[in-house]
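To convert, note that position 259 of the sequence shown is 1245 in the numbering used here; the numbers rise steadily by one, no gaps.
Ideal placement from N, C-alpha and C gives every residue a C-beta, glycine not left out.
Since the structure is predicted, the reported quantities are computational estimates derived from the model, not experimental observations.
Worksheet for the structure shown next.
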Amino acid sequence: MTKHEQILQHIRSLEVGNKISVRQIAKVLAVSEGTAYRAIKDAENQGLVSTIERVGTIRIEKKQKDNIEQLTYAEVINIVDGQVLGGRNGLYKTLNKFVIGAMKADAMMRYVEAGNLLIVGNREQVHKLALEEGSAVLITGGFDTSDDVKQLADELDLPIISTSYDTFTVATMINRAIYDQLIKKEILLVEDILISIDQTSYMTNSNTVEKWHELNTKTGHSRYPIVDDDMKLHGVVTAKDVMGVSPFIEIEKVMTKHPISVTAQTSVASAAHMMVWEGIELLPVIDSGKRLMGIISRQDVLKALQMLQRQPQVGDTIEDLVTRHFEDISNSQEYCFLLEVTPQMTNHLGTISYGVITTIVTEAGSRVLRKYKKGDLVVENITLFFIKPVQIESKIKILPRVLEVGRKFGKVDVELFHEGQIVGKAMLMAQLIDR
C-alpha cells in the first residue's frame, strides 16, 4: 500500500467531526507534509473531509446521492463566507431546513426544530432559544453574540455562525447552492453503473494467453483488464491481441499497456464519448492509486444514458432552459424550429450568447438526425459562423438540413434566421450509436 493510500485509510478511520491538519498527519504517519497535503486534498474530492476558512479541515460523513440536496453546516460557512463563533464540533452535521427569523421570538420558535438553521440578526435571546431547541444559528449583518450563547453552542455541539451578508442575500446564496446540488444529483457517474471488482473477470500479468481462452469460454467476453498482485491496472487484453498467439505466452507480452481508464467520479457521458471515440466495448474503473475497482461496458453506459433521458428534471441547466423553449414548426418540406431569446440566454451586452447558439445548433442537429436514425449520438465537432448579433426577446428561426447520414456518422447544416435575415450558420458532425 502506498503512503497516499495509507493516509486515506487513516482519514477514513477517524471519527466524524475530528480535526485534521497536514502537520498532524505527517507526524502520525511519518510522511512528508507534501504527501499529507495531496492526500488530504484527494480526501476532500472524495467527500471525506471539508476545509473551512479560519477553522481548518474536519472529517465529515460522506454524502449519499439520495440526500445530496442537504447541506452540512461546514458547507454553509463556505457558501456565506462565515465565521464560526461557537459549536465547532457540530460543523459536520447536516441541516434539514433553514428558517428565516423575521418575526417576534415566540412566533419564530414555532418554526424552529432540531436540525434546522435559523437565519437571524443581532437578537441574542433568539440565538439562545434556537440553540435550546436543537437548531444552529446563522447571524447576519456581521454581528456577534454573547459569551453565554457561544458557551451554550459549544456544550450542545451546535454551530453558531456570523456572516457580513444581510438575511435576504444569505437565503438566496443557500437556495442557489441547494439548486446546484440538485443539478449535480442528476449527473450520472461511473460509480452509479460500474460492475464491481467481485463481479469482474480480470487477469494478472503472470497469467498466460491460455487463461484468456478459459475466461472467454466461461464468460463469452473478449476484453479483460490486467492487474498486478496489488490490483494495480497494467493493461488490457482483447481477442485481437491473442489472435494466433501461443497459449503459453505470458499475457503481459501481448496486452495493450497504459490502457484508457476512468475513475468512479467520471461522468457517464464522458465515458460514453471515450468509448465511442476509441471504439472500445469495455473500460476499467480505477481509484486514485490506480487499483482496479471494476469495469463498465458500452452496453451499460448506453442503457444508463437512455434511462437518464426519461428521468424527471429537478434542476435546470442552461441546456434545459434552451431546449424547453424550442418550438417545432416543421412541415413536409423542411425541418424548422422557433426559439425566443430570453434574458437568461444573453451575454452582458444583451445579445444572445455564443454558448447558447452552440446549444441551439446541437439540439436542432440532434433532433433532425434522430428523425433519420433512431439511437443516441455523440457530437464530434461543430463549426460556427456568427454573422449578426441577436438581441433579447427576438425570435430565431432554426433550419437544420441533413447533408449526409451513414451507418456511423451524420452531418447537418444549421442556419439561424431573424426577421428573414441570416444571423448564424453552423456545420455539425456527430457519431451515431445503435441502441
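Per-residue DSSP class, three states only, for residue i
i	result
TYR1210	strand
PRO1233	coil
PRO1298	Only weak support is given to the placement of PRO1298: the predicted model assigns it a pLDDT of 47, under 50, and the question is left unresolved by the model.
ARG1045	strand
LEU1142	helix
THR1309	helix
THR1249	strand
LEU1370	strand
GLY1076	helix
ASN1108	coil
VAL1287	helix
ARG1096	coil
ASP1314	strand
LYS1051	Legend: pLDDT at LYS1051 = 47, less than 50; position of this residue unreliable, no value from coordinates given.
GLY1336	coil
HIS1220	strand
ASN1193	coil
GLY1120	coil
GLN1330	helix
ARG1277	strand
LEU1324	strand
ALA1412	strand
Buried or exposed (CB count within 10 angstroms, at least 16 for buried), residue i
i	result
PRO1233	exposed
GLY1280	buried
HIS1199	exposed
PHE1323	buried
LYS1114	buried
GLU1367	The question names Glu, but residue 1367 in the sequence shown is Asn. Exposed is the call here.
GLY1087	buried
THR1155	exposed
GLU1349	buried
ASN1053	Because the pLDDT of ASN1053 is 46, which lies under 50, any placement of that residue in the model is unreliable, and the question is left without a value.
LEU1335	exposed
ASN1102	buried
GLU1405	exposed
ALA1225	exposed
SER999	exposed
Residue i vs residue j beta-carbon contact at 8 Å
i	j	result
VAL1002	ILE1046	yes
VAL1388	VAL1347	no
VAL1098	HIS1259	no
LEU1307	VAL1213	no
LEU1124	GLY1068	yes
ILE1282	ASP1362	no
GLY1275	THR988	yes
ALA1250	VAL1176	yes
TYR1210	SER1187	yes
VAL1017	ILE997	no
ILE1179	VAL1287	yes
SER1247	LEU1268	no
GLU1236	THR1205	no
VAL1262	GLN1417	yes
ASP1227	MET1217	no
8 Å contact criterion, which residue i and residue j should meet: CB distance rounded
i	j	result
GLU1196	GLY1221	Not a contact, Cβ separation roughly 17 Å.
LEU1402	ILE1382	5 Å
GLU1426	ALA1091	The requested residue 1426 is not part of the displayed model; the chain covers only 987 to 1421.
THR1126	THR1153	5 Å
SER1036	THR1058	7 Å
ILE1026	ILE1006	6 Å
LEU1355	VAL1391	7 Å
Minimum Cβ-Cβ distance from residue i to chain C less than 8 Å
i	result
PHE1372	Reference to chain C is not applicable here, since this structure consists of a single protein chain.
**Message:** With three or more C-beta pairs closer than 8 Å as the rule, is the segment 1067-1082 touching the segment 1142-1159?
**Reply:** Taking 8 Å as the limit for Cβ pairs, the verdict is that the segment 1067-1082 does touch the segment 1142-1159.
**Message:** Does the segment 1323-1332 come into contact with the segment 1363-1372, if we say contact requires no fewer than three beta-carbon pairs (one atom in each stretch) closer than 8 Å?
**Reply:** These segments do not touch.
**Asked** Between the segment 1330-1344 and the segment 1306-1319, do at least 3 Cβ pairs fall closer than 8 Å?
**Response** Taking 8 Å as the limit for Cβ pairs, the verdict is that the segment 1306-1319 does touch the segment 1330-1344.
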